[in-house]
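What follows is a single structure, written as structure tokens, with notes after it.
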Amino acid sequence: MTSFLSLSGGCRFQKLSSRCSITNTDVQCNHVATENQVQGDAALETECSVPIVHLKSDILEADSSALLTEGTYVDSLLTVLPVLSEEQQNALAATPAHPAGLYSLYASCVAGNLVEQLWNFAWPSAIALLHPSLLPVAIMGFFAKLAIIAGGPLVGKLMDSFPRLPAYNFLNTVQAVAQLISAAMIIHAHSMPSVSASPSSVLLKPWFIALVLAGSVERLSGIALGVAMDRDWVVLLAGLNRPIALAQANAILNRIDLLCEIAGASLFGILLSKYDPVKCLKFAAGLMICSLPVTVVLTWLTNKLSSGVLDRPKCPQCANGPPPDTDIDII
1 MTSFLSLSGG CRFQKLSSRC SITNTDVQCN HVATENQVQG DAALETECSV PIVHLKSDIL
61 EADSSALLTE GTYVDSLLTV LPVLSEEQQN ALAATPAHPA GLYSLYASCV AGNLVEQLWN
121 FAWPSAIALL HPSLLPVAIM GFFAKLAIIA GGPLVGKLMD SFPRLPAYNF LNTVQAVAQL
181 ISAAMIIHAH SMPSVSASPS SVLLKPWFIA LVLAGSVERL SGIALGVAMD RDWVVLLAGL
241 NRPIALAQAN AILNRIDLLC EIAGASLFGI LLSKYDPVKC LKFAAGLMIC SLPVTVVLTW
301 LTNKLSSGVL DRPKCPQCAN GPPPDTDIDI I
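Sequential numbering from 1 applies to the sequence shown in the UniProt record's numbering.
Pasting the structure below:
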């Protein structure tokens with residue numbers, strides 16, 4: 001009977017199957033979970049010893065060493081990353097993002113500002129020679145400032161609604177047309193046989209009313225062009241994250257403005273001392289006509305040399321919405 005039970009137990013023990021799963025590889029296989037599926041009586045199951053599965057630890061050690069090697073490689077990459085010195089950071093901040101585009105912008109400013117500053121000196125001088133009283137000059141200056149105060153915000157919103165290049169070229173054209181109309185009105189006044197000595201009679205003339213309107217439009221266009229150039233274009237061409245280059249570009253633009261003011265006033269003054277006012281005004285009108293296509297071409301060249309940076313949208317957050325947890329500063 002005993003031999004029969006031992007024989008039967010041996011047969012049943014051969015049907016024993018086991019499975020193991022590794023739950024924590026960091027403990028070097030100390031925890032081994034076994035699950036036995038036995039077909040037979042529970043009494044025989046308690047008498048049988050549970051088999052222990054021996055795993056090779058070299059595989060686990062190889063995996064852990066590989067992970068350690070990868071972590072060391074990442075740490076070495078982080079330590080090898082170059083860090084710029086203070087001199088290198090200053091040199092980078094002083095280098096503009098688009099130097100060729102900036103040079104073309106400077107040339108465009110010279111072409112536009114020279115004519116504008118010449119005309120700013122020409123029209124008061126021509127009107128002062130037209131009438132002994134300075135009241136017409138004061139009234140023109142007053143309405144020009146009033147137009148800037150009243151129409152400045154509207155023109156700024158319109159410029160923000162359109163692309164940079166078309167808006168800039170349109171304002172350049174409007175300014176040139178307004179300057180030509182003003183020059184034509186002053187030439188017409190100088191061509192008249194006699195001008196009344198009363199200032200009030202001059203103020204009510206149709207040519208003077210047209211002159212005031214054209215002068216207001218011209219000044220408003222000039223201010224809008226200057227703001228767009230100094231606050232938008234230079235920032236894109238010099239680089240937002242390059243403060244030294246931006247400061248240098250703004251300083252160069254200010255120098256160009258001052259030099260054009262000196263050159264324009266000196267040129268018209270020399271011409272006015274040698275020729276009559278009508279010839280000087282015709283020369284100024286011809287200079288306006290010649291400078292307009294030059295300014296448009298230089299503007300296009302500026303955008304081309306800067307890899308189309310002026311074609312970028314002015315407010316990219318407006319289309320897609322601001323990203324979460326970010327603060328938008330409008331300068």
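Beta carbons are placed, not taken as given, at the ideal position from N, Cα and C, and that holds for glycine.
**Q.** Distance between SER306 and ALA284 (C-alpha atoms, nearest Å)
**A.** Approximately 32 Å between the Cα atoms of the pair.
Q) Pairing CB atoms from the region 173–182 with CB atoms from the region 250–267, are three or more of them under 8 Å? A) No, because fewer than three Cβ pairs between the region 173–182 and the region 250–267 fall closer than 8 Å, the two stretches do not touch.
Q. How long is the line joining the alpha carbons of ASN172 and SER221, rounded to whole angstroms?
A. Cα to Cα, ASN172 sits roughly 7 Å from SER221.
Q. To the nearest whole angstrom, what separates the beta carbons of ALA111 and SER291, a pair I think is in contact under 8 Å?
A. About 5 Å separates the beta carbons of ALA111 and SER291, which is inside the 8 Å limit, making them a contact pair.
Q: Mind checking which residues open and close the alpha helix (DSSP H) that includes PRO277?
A: Residue range 277–305 is occupied by the alpha helix (DSSP H) that includes PRO277.
Q) When DSSP labels each residue in this structure, what does LEU204 get in the three-state scheme? A) Looking at LEU204 - three-state DSSP - the assignment turns out to be coil, as it is neither helix nor strand.
Q | Sequence ranges, beta strand (DSSP E) only - wholly within the region 221–252, length at least 3 | A | Whole beta strand (DSSP E) segments, 3+ residues: zero.
(Q) Assuming VAL115 and ALA128 are in contact, meaning their beta carbons sit under 8 Å apart, how far apart are those beta carbons, in whole angstroms? (A) VAL115 to ALA128, Cβ: 20 Å. No contact.
**Q.** Alpha carbon of ALA189 to alpha carbon of MET159, nearest angstrom
**A.** One C-alpha to the other measures close to 35 Å.
Q: Go ahead and pull the three-state DSSP assignment for GLY152.
A: GLY152 falls in the helix class under three-state DSSP.
Q.
Quick check on DSSP: helix, strand or coil for ALA97?
A. Residue state for ALA97 is assigned as coil, using DSSP reduced to three classes.
Q: Reducing DSSP to helix, strand and coil, say where PHE268 ends up.
A: In this structure, PHE268 counts as helix in the three-state DSSP scheme.
Q.
For PRO96 and TRP233, I'd like the C-alpha separation in whole angstroms.
A. Using only the alpha carbons, I get a separation of about 13 Å.
**Q.** Per-residue DSSP class, three states only, for LEU105
**A.** DSSP, read as helix, strand or coil, puts LEU105 in helix.
Q) Roughly how many whole angstroms lie between the Cα atoms of LEU301 and ASN169? A) Just so you know, the alpha carbons of LEU301 and ASN169 end up roughly 13 Å apart.
**Q.** For PRO163, the three-state DSSP class (helix, strand or coil)
**A.** The answer is coil: DSSP assigns PRO163 none of H, G, I, E or B.
Q) Under 8 Å between the Cβ atoms of LEU246 and ALA238? A) Yes, they are a contact pair.
Q | C-alpha gap between PRO313 and LEU240, whole angstroms | A | Rounded to the nearest angstrom, the gap between the Cα atoms of PRO313 and LEU240 is 15 Å.
Q) Under a three-way DSSP split, which group does ARG312 fall into? A) The answer is coil: DSSP assigns ARG312 none of H, G, I, E or B.
Q: Report yes if the C-beta distance between LEU118 and GLY215 is below 8 Å; otherwise report no.
A: The Cβ-Cβ distance between LEU118 and GLY215 does not fall below 8 Å.
**Q.** Proximity test, Cβ basis, 8 Å: ILE186 and chain C
**A.** Absent from the structure: chain C. Only one protein chain is present.
**Q.** the region 134–151 contacting the region 272–286, beta-carbon criterion three pairs below 8 Å
**A.** In short, these stretches do not touch, since the Cβ pair count stays below three.
(Q) By alpha-carbon positions, which one of PHE121, LEU102, HIS98 ends up nearest to GLY269? (A) Comparing Cα-Cα distances from GLY269 to each of PHE121, LEU102, HIS98, the minimum goes to PHE121.
Q: Tell whether a beta-carbon distance below 8 Å holds between LEU310 and LEU213.
A: Not in contact: LEU310 and LEU213 (Cβ atoms no closer than 8 Å).
Q | Top-ranked residue by Cα proximity to ALA176, from LYS304, VAL294, ASN303 | A | Of the listed residues, the one whose Cα sits closest to ALA176 is VAL294.
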